[in-house]
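Engineer: Got a structure for you, questions after.
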Amino acid sequence: MQGDTPRNGFDAALKPDRPLVRETPWLAEIARTSRMRWTAVSPPVAAMLAVGLTAILLAPLAPKPAPIVQGLTAFFCGGLMISEFAVAVLLFVQFRGTRRPAHAVLGGAYLFSALATLPYLFTFPGALIQDAQVFGGDQSAAWVMSAWTLTFAAAALAAMVLESRPEGDPVPPARAEPLQRLAVLGASAGALVLCLLGAIAPDTHFALVSEAGWSGLYVLVNMATTAFLAGAIAFGLWRLPARSDLFVWLLVALAVLMAANVLAGIGGARFSYGWIFARLGAITSACVLLAYLLSVFAYRHQALGRARDMLEHRVTMRTAELSRMVSERDHLLREVYHRVKNNLQVVDSLLHLQAARLTSADGRAALVDTRRRIHTLGLVHQQLISSHARGPFNAAPFLADLCETLSTSFGAAERGVRLRARAEDVDLDLDHATPLGLIVSELVANALTHGFANRSSGLVDITLQRRGRVVALSVTDDGDSGDVSAFLAGPGLGGQIVRALAAQLDGEIEAMRDGARTAVALTFATPRPA
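Here you go:
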């Protein structure tokens, strides 16, 4: 088949695998820049072509006289003032973010145009007062309009030149506010100059409008304005498409304004269709850029909304992940505490078996005391398991369980001795609960062993209170404990344990004897209130 036939040398020459001419880097850059410019300007160019076609279609109708509509000038000035003032505000808002000088100049141009509607409204006959104007003469409105459009076109061209310059990059933040203030002051000063021009415009010499229509001077000024607008459009198409979408759509607005200016000149006089088309075109020109800026701000609002939703989703996912990690940590800590408790129980069982094999009473007593201390450690871990391993736990149930265990170990109930534990709103962590529990165990064991050896009734009272950052422990009994100070300071193992653990807590311990009652008080500070 033909498709399976190998290519001969002739075919290879016609369809080479490599290009015969290698594209140079500068040529590739020109091609890339051209593609970028065409992509950027294709919609605005289409819009400008549509504007030009519309102006051509309306040109034959422009010289014809139109019906005089009362309030048309007021409507024109009001609509133009609102739309161009909105554009100026949005441009200044954008300048706050970009700090590009061209945005400030363009914002000042639109603010000037918005303010210029006032002197035009005051000087146009019949706009506010029937068959008269607020101030000025017959030529005032024409002079104001001509100076207005010419100044705006020049300011738009200046903004484009600033935007095209490499040094037109953002100004320092310290200069942004003065530059915006200068643009506002310049626009206000320009509007005042228009008011002055309207007040002193000559009625005879240098006339722009007469009963016959536009004068030659008006046509000359109109052509100068059109030339400025055309120059701004040509310059923008040449330099700006790949740099700023704002100025690309400004070209469309200027094209509409230029078409309106041309239709006004073709109209030849006031109250012609060209004159009316020119006013509607001026409002349309402002609305073009207003629509673009509103779309930009709407897009940014949507982008912020999407970013906010994405951030909220990420925060939700992160919160869920952290909750899962905390849950896993709690589970791991509970498992650790549980295993430690089980290991302590194993050690206790081994000591129990070892004690059963001993024949020495002192040896069995030592192992019993060791089992009691190990059981105290197990109670601490049991409380940590019950508190979900989230940190400090309430000391009240811990002391209650400890006292119940000690009472059972020493047979306190059979001997008529009662153990009472009270903890008032005190939370303990592992670093404080372990030494505190062992201290209570040693003090209660000493009281039950020596204080009630020959007694058939009695009370051992354990209280735990918090005073700010200080925790106070008191172990009081009404037995015959004798000199407790000797127990605390003596060489016995119980006293050594109490002293060592009190030092570990960085606390102060004190023994007191008040009549028939013996009390041991321990105070220590915690890092923060529970």
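FYI, in this note's numbering the residues of the sequence shown are 4 to 533. From the three backbone atoms N, C-alpha and C, an ideal C-beta is built for every residue, glycine too.
1. Secondary structure at residue 269, three-state DSSP: helix, strand or coil?
2. For residue 269, which residues of its own chain have a beta-carbon under 8 Å away from its beta-carbon, when the five flanking residues on both sides are left out?
3. Look at the alpha carbon of residue 181 and the alpha carbon of residue 69, and state the distance between them as a whole number of angstroms.
4. So residue 115 packs on residue 78, CB below 8 Å; how close in whole Å?
5. Between the Cα of residue 448 and those of 420, 238, 309, spot the shortest distance and give me the residue it belongs to.
6. Relative to the C-alpha of residue 189, which residue among 435, 366, 111 is closest?
7. Is it the case that the Cβ atoms of residue 256 and residue 299 are separated by a distance below 7 Å?
8. In angstroms, rounded to a whole number, what distance separates the CA positions of residue 380 and residue 431?
9. In whole angstroms, what separates the C-alpha of residue 511 from that of residue 497?
10. Do residue 415 and residue 405 have their C-beta atoms closer together than 7 Å?
11. Please state if the CB of residue 284 and the CB of residue 262 are separated by a distance shorter than 7 Å.
12. Under 7 Å, do residue 474 and residue 465 count as touching if we go by C-beta distance?
13. Please name the residue in 131, 332, 123, 370 whose C-alpha comes closest to that of residue 143.
14. Which class does residue 413 belong to by DSSP, given the choice of helix, strand or coil?
15. Excluding five sequence neighbours on each side, which residues of the same chain lie with their C-beta closer than 7 Å to the C-beta of residue 426?
16. Mapping DSSP to helix, strand and coil, what is residue 34?
17. Along the chain, where does the beta strand (DSSP E) that runs through residue 527 open and close?
18. Within the chosen definition, does the segment 500-510 reach the segment 436-451 through at least 3 CB pairs nearer than 8 Å?
19. Could you check the C-alpha separation between residue 145 and residue 212 for me, to the nearest Å?
20. Nearest-angstrom Cα distance between residue 342 and residue 357?
21. Can residue 76 and residue 138 be called in contact, C-beta distance under 7 Å?
22. Exposed or buried, what is residue 151 when buried is set at 16 or more other beta-carbons lying within 10 Å of its beta-carbon?
23. Excluding the five sequence neighbours on either side, which residues of its own chain have a C-beta within less than 6 Å of the C-beta of residue 107, listed in chain order?
24. So what does DSSP say about residue 27, is it helix, strand or coil?
25. Measure the alpha-carbon distance for residue 376 versus residue 336 and round it to whole angstroms.
26. With a CB to CB cut of under 7 Å and the five nearest residues on each side skipped, what residues in its chain are close to residue 481?
27. DSSP three-state label for residue 136, please.
28. Count the other C-beta atoms from every protein chain shown that fall within 10 angstroms of the C-beta of residue 47, then say buried if there are 16 or more, exposed otherwise.
29. If you draw a straight line from the C-alpha of residue 34 to the C-alpha of residue 74, how long is it?
30. With C-beta atoms as the reference, is residue 120 less than 7 Å away from residue 148?
31. Within its chain, find whatever has a CB closer than 8 Å to the CB of residue 429; leave out the 5 residues flanking it on each side and keep chain order.
32. Once the 5 residues before and after residue 347 are set aside, which same chain residues still bring their CB inside 6 Å of it?
33. With 16 as the cutoff for other CB atoms within 10 Å, does residue 332 come out buried or exposed?
34. In chain order, what residues of the same chain lie with their CB nearer than 7 Å to the CB of residue 173, ignoring the 5 residues before and after it?
35. Considering only the beta carbon of each residue, do residue 228 and residue 264 sit closer than 7 Å?
36. Can you tell which of 527, 522, 515, 492 has the C-alpha that lies nearest to the C-alpha of residue 505?
Structural biologist: The answer reads as follows:
1. Residue 269 sits at position 266 when you count from the first residue of the sequence shown. Three-state DSSP puts residue 269 in a helix.
2. Position 266 of the sequence shown, counting from 1, holds the residue named residue 269. Same-chain partners within the cutoff: 62, 65, 66, 277.
3. As a first step, residue 181 is located in the sequence shown; it is residue number 178 there, counting from the start. As a first step, residue 69 is located in the sequence shown; it is residue number 66 there, counting from the start. Residue 181 and residue 69: Cα-Cα distance of roughly 47 Å.
4. Counting from one through the sequence shown, the residue named residue 115 turns up at place 112. Counting from one through the sequence shown, the residue named residue 78 turns up at place 75. Wrong, their Cβ atoms sit about 21 Å apart, outside the cutoff.
5. For the purposes of this step, residue 448 is identified with residue 445 of the sequence shown, where counting begins at 1. When each option's Cα is compared against that of residue 448, the closest is 420.
6. One-based indexing of the sequence shown puts residue 189 at position 186. Taking only the C-alpha atoms, the option nearest residue 189 is 111.
7. Residue mapping note: residue 256 aligns to position 253 of the sequence shown, counting from 1. Residue mapping note: residue 299 aligns to position 296 of the sequence shown, counting from 1. Judged by their CB atoms, residue 256 and residue 299 are not nearer to each other than the 7 Å cut-off.
8. Translated into the one-based positions of the sequence shown, residue 380 becomes position 377. Translated into the one-based positions of the sequence shown, residue 431 becomes position 428. Roughly 14 Å between the two C-alpha positions.
9. Counting from one through the sequence shown, the residue named residue 511 turns up at place 508. Counting from one through the sequence shown, the residue named residue 497 turns up at place 494. Approximately 17 Å between the Cα atoms of the pair.
10. Position 412 of the sequence shown, counting from 1, holds the residue named residue 415. Position 402 of the sequence shown, counting from 1, holds the residue named residue 405. The answer is no: Cβ separation not under 7 Å.
11. Your numbering for residue 262 matches position 259 in the sequence shown. Your numbering for residue 284 matches position 281 in the sequence shown. A contact, by the Cβ cut-off of 7 Å.
12. Position 471 of the sequence shown holds residue 474. Position 462 of the sequence shown holds residue 465. No, these two residues do not count as a Cβ contact at 7 Å.
13. To locate residue 143, count along the sequence shown from 1; it is residue 140. Closest option to residue 143, Cα to Cα, is 123.
14. By 1-based counting over the sequence shown, the position of residue 413 is 410. Reduced to three states, the DSSP call for residue 413 is helix.
15. Residue 426 sits at position 423 when you count from the first residue of the sequence shown. If we look at residue 426 and ignore the five residues flanking it on each side, its Cβ neighbours are 398, 399, 402, 467.
16. Translated into positions along the sequence shown, residue 34 becomes position 31. Because residue 34 sits at a pLDDT of 47, beneath the cut-off of 50, its placement in the model cannot be relied upon, and the point is left open.
17. Here residue 527 corresponds to residue number 524 of the sequence shown, with the count starting at 1. 520-528 is the extent of the beta strand (DSSP E) around residue 527.
18. yes
19. As a working mapping, residue 145 is identified with position 142 in the sequence shown. As a working mapping, residue 212 is identified with position 209 in the sequence shown. When rounded, the distance between both Cα atoms is 7 Å.
20. Translated into positions along the sequence shown, residue 342 becomes position 339. Translated into positions along the sequence shown, residue 357 becomes position 354. Distance between the alpha carbons of residue 342 and residue 357: 22 Å.
21. For the purposes of this step, residue 76 is taken as the residue at position 73 of the sequence shown. For the purposes of this step, residue 138 is taken as the residue at position 135 of the sequence shown. Taking 7 Å as the Cβ cut-off, residue 76 and residue 138 do not qualify as a contacting pair.
22. Translated into positions along the sequence shown, residue 151 becomes position 148. With 16 or more Cβ atoms within 10 Å of its Cβ, residue 151 is classed as buried.
23. Here the question's residue 107 lines up with position 104 in the sequence shown. Correct list, in chain order: 98, 182, 183, 186.
24. In the sequence shown, counting from the first residue as 1, residue 27 sits at position 24. In this prediction, residue 27 scores a pLDDT of 43, lower than 50, which makes its location untrustworthy; no coordinate-derived value is stated.
25. In the sequence shown, counting from the first residue as 1, residue 376 sits at position 373. In the sequence shown, counting from the first residue as 1, residue 336 sits at position 333. The straight-line gap from Cα to Cα measures roughly 22 Å.
26. Position 478 of the sequence shown, counted from the first residue, corresponds to residue 481. The residues are 461, 462, 519, 520.
27. For the purposes of this step, residue 136 is identified with residue 133 of the sequence shown, where counting begins at 1. Here residue 136 sits in coil by DSSP.
28. Here residue 47 refers to the residue found at position 44 when the sequence shown is read from its first residue. So residue 47 ends up on the buried side.
29. Translated into positions along the sequence shown, residue 34 becomes position 31. Translated into positions along the sequence shown, residue 74 becomes position 71. Residue confidence is low: residue 34 scores 47 on pLDDT, short of 50, so the model does not pin down where it sits. Its coordinate-derived value is still stated next. A straight-line Cα-Cα distance of about 53 Å links residue 34 and residue 74.
30. As a working note, residue 120 is residue 117 in the sequence shown. As a working note, residue 148 is residue 145 in the sequence shown. It is not a contact, given that the beta carbons lie outside the stated cut-off.
31. Residue numbering aside, residue 429 sits at position 426 when the sequence shown is read from its first letter. A distance below 8 Å between beta-carbons, with the five flanking residues on each side excluded, links residue 429 to the following residues of its chain, in chain order: 397, 398, 399, 467, 468, 469, 474, 533.
32. Taking the first residue of the sequence shown as position 1, residue 347 is located at position 344. Once the five neighbours on either side are set aside, the close Cβ partners of residue 347 are 377, 380, 381.
33. Along the sequence shown, one-based indexing puts residue 332 at 329. Result: exposed.
34. Along the sequence shown, read from residue 1 onward, the residue named residue 173 stands at position 170. For residue 173, where only same-chain residues beyond five positions count, the Cβ hits under 7 Å are 101, 102, 103.
35. Reading the sequence shown from its first residue, position 225 is the one you call residue 228. Reading the sequence shown from its first residue, position 261 is the one you call residue 264. Yes, Cβ-Cβ distance for residue 228 and residue 264 is below 7 Å.
36. Indexing the sequence shown from 1 puts residue 505 at position 502. It is 527.
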